[in-house]
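Q: Residue numbers (my numbering): 7 to 403.
Input: one structure, supplied below.
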């Protein structure tokens with residue numbers, strides 16, 4: 007598809023372009039989502055005239071082009087932002103493809119005046135008080151997980167924690183988004199801001215469901231964490247038995263989901279070591295030919311089967327989930343939920359909302375979890391969550 011480029015005034019830098027688009031959208035009361043796909047330098051900004059409810063029974067394949075943003079708790083509704091306006095930023099310019107949506111977006115932006123004062127990103131309608139999480143408390147939670155696993159009721163539990171820091175007076179969500187794009191080239195980097203819901207930033211390395219050109223379905227099993235030393239030979243990275251087994255459980259969970267729908271024709275590649283920012287993980291890729299299996303709705307079916315995956319909840323899911331509800335001590339909200347563009351550029355790309363933070367009126371709240379098995383050591387699990395939290399905070403601050 008042929009594309010044309012549109013410039014406003016002398017603004018050509020990506021920071022300025024995203025600022026201009028988001029400020030105009032916020033002034034108009036639009037919900038917004040900005041993202042960068044793994045391996046790409048193109049940033050997209052979507053504006054939606056209101057957020058629609060997205061529920062477990064909704065079919066991804068039937069949605070108009072847009073962006074989904076859903077919480078960890080599958081009993082709570084998520085959100086679907088239809089692309090009423092869509093902008094793509096490439097090579098520090100706003101690039102418009104010659105289609106009706108692109109023309110509408112270009113005309114709309116031309117007619118928007120620069121606001122006299124900066125408009126704030128959305129804040130949640132209400133903010134639950136956050137108690138300060140201490141290291142001994144989280145280590146106690148991990149020990150309780152190990153004790154419960156020892157009963158044989160579950161094989162794995164993924165407890166999580168948050169770190170809340172005072173919101174810096176100069177904090178700029180757009181600059182934070184750009185920094186995350188630079189630091190996490192292999193992640194889905196996102197900035198989502200919805201009225202009454204609030205503003206979230208993230209850099210997720212984990213595909214939940216992906217379909218390109220209605221032909222190939224993909225998902226991944228991602229687990230195990232260790233720090234990344236730039237220049238290290240990934241083929242020589244050593245993993246502990248605990249980490250290998252933890253990742254194998256996630257792979258088995260995906261295969262069991264395939265078995266539930268009697269899907270036997272899938273490809274499995276891995277595990278292999280991959281880089282996610284300043285961290286390393288073990289990843290196994292799964293692929294299904296939708297045409298060969300005659301399963302065009304597989305993305306929606308697998309989304310409902312997979313979420314919440316064993317990588318962010320535990321295995322088996324139901325007892326692990328109940329344990330977390332009883333012991334974790336806070337509400338995850340959109341952390342470990344899922345998000346991503348759907349039916350844009352002929353693809354569905356939905357990721358687990360890992361490595362994310364919420365921007366509130368007073369705080370930056372960053373979230374991280376760890377996979378606990380029978381061999382877990384509480385101190386090491388605390389250190390793993392610290393690495394994950396710092397992989398975001400050291401970038402955006």
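Ideal Cβ placement from N, Cα and C applies to all residues, glycine included.
1) Please determine if the region 36-48 and the region 196-205 are in contact, where contact requires at least 3 C-beta pairs separated by less than 8 Å.
2) Since residue 62 and residue 310 are thought to touch, with beta carbons under 8 Å apart, how far apart are those beta carbons, to the nearest angstrom?
3) So if DSSP puts residue 114 in a beta bridge, which residue, or which two residues, is it bridged to?
4) Let me check one thing: in DSSP terms, what residues is residue 357 bridge-paired to?
5) In three-state terms, what does DSSP make of residue 294?
6) What three-state label does DSSP hand residue 127 in the structure shown?
7) Just grab the DSSP bridge partners of residue 371 for me.
8) In angstroms, rounded to a whole number, what distance separates the CA positions of residue 227 and residue 278?
9) May I ask you to report which of helix, strand or coil DSSP gives residue 132?
10) Using the C-alpha atoms, what's the distance from residue 260 back to residue 291?
11) Where do the N-terminal and C-terminal ends of the alpha helix (DSSP H) with residue 331 fall, by residue?
12) Measuring straight from C-alpha to C-alpha, what distance separates residue 157 and residue 176?
13) Which same chain residues, not among the five before or five after residue 20, have their C-beta less than 8 Å away from its C-beta?
14) Quick check on residue 93: buried or exposed, where buried means 16 or more other Cβ atoms within 10 Å of its Cβ?
15) Can you list, in chain order, the residues of its chain with a C-beta nearer than 7 Å to that of residue 267? Leave out the 5 residues immediately preceding and following it.
16) Beta-carbon separation of residue 180 and residue 115 under 9 Å?
17) Helix or strand or just coil, what does DSSP make of residue 397?
18) In the DSSP assignment, the beta strand (DSSP E) including residue 26 goes from what residue to what residue?
19) Excluding the 5 residues preceding and the 5 following residue 139 in the sequence, name in chain order all residues of the same chain whose CB lies nearer than 6 Å to its CB.
20) Whose C-alpha, out of 385, 392, 365, 364, is nearest the C-alpha of residue 375?
21) For residue 262 and residue 204, I'd like the C-alpha separation in whole angstroms.
22) For residue 274, tell me which candidate among 313, 147, 294, 337 has the shortest Cα-Cα distance.
23) Which term fits residue 162, buried or exposed, when burial requires 16 or more other beta carbons within 10 angstroms of its beta carbon?
24) Can you give me the start and stop residues for the beta strand (DSSP E) that residue 76 sits inside?
25) Pull up the CB-CB distance for residue 319 and residue 312, whole angstroms please, since I reckon it's below 8 Å.
26) Going by the DSSP bridge assignment, what does residue 206 pair with across the sheet?
27) Do you know offhand how far residue 388's Cα is from residue 35's?
28) Between which two residues does the beta strand (DSSP E) containing residue 277 stretch?
29) Going by beta-carbon coordinates alone, are residue 2 and residue 231 separated by less than 9 Å?
30) How far does the alpha helix (DSSP H) with residue 183 in it reach, from first residue to last?
31) Determine the direct distance from the alpha carbon of residue 51 to that of residue 108, and round the result to whole angstroms.
32) Use the C-beta contact count for residue 13: other C-beta atoms within 10 angstroms, 16 or more gives buried, fewer gives exposed.
33) Residues in its own chain within less than 8 Å of residue 334 by CB, not counting five upstream and five downstream?
34) Taking contact to mean 3 or more Cβ pairs, one atom from each stretch, closer than 8 Å, check whether the region 336-345 and the region 73-82 are in contact.
35) Helix, strand or coil for residue 258, going by three-state DSSP, please let me know.
36) Just to confirm my understanding: we take residue 65, look at its own chain, exclude 5 residues before and 5 after, and list those with CB closer than 7 Å. What are they?
A: To lay it out plainly:
1) yes
2) 6 Å
3) BP columns for residue 114 are empty, so no partner.
4) 213, 345
5) Note: residue 294 maps to strand in three-state DSSP.
6) Here residue 127 sits in coil by DSSP.
7) 170, 364
8) Straight-line measurement puts the Cα of residue 278 at about 10 Å from the Cα of residue 227.
9) Of the three classes helix, strand and coil, the one that applies to residue 132 here is coil, per DSSP.
10) 10 Å
11) 323-333
12) Inter-residue distance for residue 157 and residue 176 is about 49 Å (C-alpha atoms, whole angstroms).
13) 49, 95, 98, 184
14) Buried, by the Cβ-count rule.
15) 307
16) Against a cut-off of 9 Å, the Cβ pair of residue 115 and residue 180 comes out as no contact.
17) helix
18) Element bounds for residue 26: not the beta strand (DSSP E) but the alpha helix (DSSP H), 20-33.
19) 167
20) 392
21) A direct Cα-to-Cα measurement between residue 262 and residue 204 gives close to 35 Å.
22) 294
23) buried
24) Run containing residue 76: 72-76, per the beta strand (DSSP E) assignment.
25) That belief does not hold up - the Cβ atoms of residue 319 and residue 312 are roughly 10 Å apart, past 8 Å.
26) 198, 364
27) Roughly 40 Å separates the two Cα atoms.
28) Element bounds for residue 277: 273-282.
29) The first residue shown for the chain is 7 and the last is 403, placing residue 2 beyond what the model contains.
30) 179-189
31) 12 Å
32) Caution is warranted here: a pLDDT of 38 is assigned to residue 13, below 50, making its placement in the model unreliable, and no coordinate value can be reported.
33) Excluding positions up to five away in sequence, the list reads 147, 165, 166.
34) They touch, by the three-pair rule.
35) helix
36) 303, 306
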